[in-house]
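Written below as structure tokens is the structure these notes are about.
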Amino acid sequence: MPSIDLQVTIVGMGIAGALLAVCLERAGIEYIVLERAHELKALGTGMTITASTIRIFDQLGMLDELHAIALPIATLRYFKQNHSAIGVMDVSPNKKKFGYESLIFPRPELLKLLVSKIPKEKIYWGKKIVRTSQDTKSVKVFCLDGTEFESDILVGADGAYSAVRQSLYKNLLKKGVALKPSDLAPLNFQMHCNVGVATNLDPQKYPILNAPSAELHAILGDTHPYTLWVSVMKNNSVSWTLGGNPSAPATKADLEWEYRSAQGVPQGVRDIKLTIGGTLGDLMDKTKTELTSAVNLEDKLYERWYDGRTILVGDSVHKLVPWGGQGATQAMLDAVDLANVLYELPSNTPAAITRAFKAFYDHRFPDARAAHNSSVTASKLTGGRGFMADLYRAIALTYMPPVLYSMTMNKQHYNRPILSYLPPPPAKGTLKPNPKILSAYKPGELEKLNQRMTTVSI
17 MPSIDLQVTI
27 VGMGIAGALL
37 AVCLERAGIE
47 YIVLERAHEL
57 KALGTGMTIT
67 ASTIRIFDQL
77 GMLDELHAIA
87 LPIATLRYFK
97 QNHSAIGVMD
107 VSPNKKKFGY
117 ESLIFPRPEL
127 LKLLVSKIPK
137 EKIYWGKKIV
147 RTSQDTKSVK
157 VFCLDGTEFE
167 SDILVGADGA
177 YSAVRQSLYK
187 NLLKKGVALK
197 PSDLAPLNFQ
207 MHCNVGVATN
217 LDPQKYPILN
227 APSAELHAIL
237 GDTHPYTLWV
247 SVMKNNSVSW
257 TLGGNPSAPA
267 TKADLEWEYR
277 SAQGVPQGVR
287 DIKLTIGGTL
297 GDLMDKTKTE
307 LTSAVNLEDK
317 LYERWYDGRT
327 ILVGDSVHKL
337 VPWGGQGATQ
347 AMLDAVDLAN
357 VLYELPSNTP
367 AAITRAFKAF
377 YDHRFPDARA
387 AHNSSVTASK
397 LTGGRGFMAD
407 LYRAIALTYM
417 PPVLYSMTMN
427 KQHYNRPILS
437 YLPPPPAKGT
447 LKPNPKILSA
457 YKPGELEKLN
467 QRMTTVSI
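Below you can see the structure in the form of structure tokens.
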């Protein structure tokens, strides 16, 4: 059990907030989750995770439930508009090397799984945050409906347009604290995007549905400005994502429909032929309204993550484009590492909390920055146009030496963190993970501090 009584308020029931809640539940730390939506929504398309985060589900005893909603990923294939091959990435060796296969599943299914592990009485739906305040003793959250919540620590996990971050920055500026100009700038727009999950598909029409593993297909437009990503998932479903490349030639009408919704799609877009058979229009017709949405893909890495009793995680401080598969991964790594430093807190004093937050930031920011850079590079691989983009794809998919690709994968998967307060999962994979678990204290330092505090209290 944690050494002190601690109350945590988590704002946001996305991947970061939900996983953090599950981790705190297992730690015995008191918490609540405030979510703006009135219920869990089925928004989102296919989502991928790798051994870097699957290991934590193994430790939490949720691996079988994760596999029940997921398919293992075998390859990533890139095609031209006429379906001639550009290149392929084979990720099937990951299980032998890192202990777990990469997986793909509908994002709503993962959220549903995580929320099922959180007691209902700890979730407050329909809570729109209007402002926050904090002092040396506590932090408060004020909601639009007039309710207030007070706790020792506030975690902003409420997405790219985080109300917690906006309030935190506003309060810092009022105190005369200088923020980096980049932290105050808008998010960087990448492209318009429509996503969806087509369900109840016919395996006879789409034989690839019978495969035991998934292939991710990226189809780069030649005569149109779009890139289409398609992947088979469990239960005869297919995830699709259509992105409009702003740098490619397109008429105003071609792009405007993406602002409105996933409906009213131009016929030329519906007629895009799929590598798995049929057209994009066929998938759209098999996609329920609640399983499709239109979004603007943006990215941003913030440098100010915490102050006082408030800390930010997930998309609220590192919004990544999805092509590198890093957005959800980084959110989960945030949740695990933050849970570890909160569990070991020797007191809820400002000094102890600041020390924990600093250790978390110093550990996570470099990885988040690397992931941000990697996702930008991956977006060029999957959606870039022109000679340089073609050259980059040729190098990455055809001419990269296997040893260099292996080194890159090894570096990305070396950190597979687990919770310090639960029994570790079974050792898996030939490449052993980083054995170090994040702590704000040197070995033996925390034990001595707790002994002194116990002596003083006696």
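Residue numbers for the sequence shown follow our numbering, beginning at 17 and rising by one.
Positions of the beta carbon are idealized from the N, C-alpha and C atoms, including for glycine.
Please read all numbers here as calculations on a predicted model, not as lab measurements.
The beta carbon of V352 lies closer than 6 Å to those of I72, P433 in the same chain, with the five residues before and after it left out. In this structure, V24 sits near E46, with a CB-CB distance shorter than 8 Å.
Between P135 and E117, the gap from beta carbon to beta carbon reaches 8 Å or more. Separation of P366 and D378 (C-alpha to C-alpha, rounded to the nearest whole angstrom) is 18 Å.
Fully enclosed alpha helix (DSSP H) runs of no fewer than 4 residues occupy 179-190, 197-200 of the region 153-208, in order along the chain.
With a threshold of 16 other beta carbon atoms within 10 Å, V104 falls short and is exposed. For the pair E463 and Q342, the Cα-to-Cα distance works out to about 36 Å.
Close CB contacts of N426 within its chain, under the 7 Å cut and outside five residues either way in sequence, are with L447 (chain order). For L407, the number of other beta carbons within 10 angstroms of its own is below 16, and it is reported as exposed. Burial state of K302 is buried, judged by a 10 Å Cβ sphere holding 16 or more other Cβ atoms.
By the beta-carbon neighbour count (other beta carbons within 10 angstroms, threshold 16), Y222 is buried.
In this structure, L56 lies away from L129, with their beta-carbon atoms at least 8 Å apart. E125 and F205 have their C-alpha atoms spaced approximately 28 Å apart.
Per DSSP, the beta bridge partners of E314 are F205.
Nearest Cα to T345 within the set P459, G172, L35: L35. Contact check for A176 and D331: beta-carbon distance about 5 Å, within the 8 Å limit, so the pair qualifies.
In the structure shown, A234 adopts extended strand secondary structure according to DSSP, grouped into three states. In the structure shown, N210 falls within a strand segment according to DSSP collapsed to helix, strand and coil.
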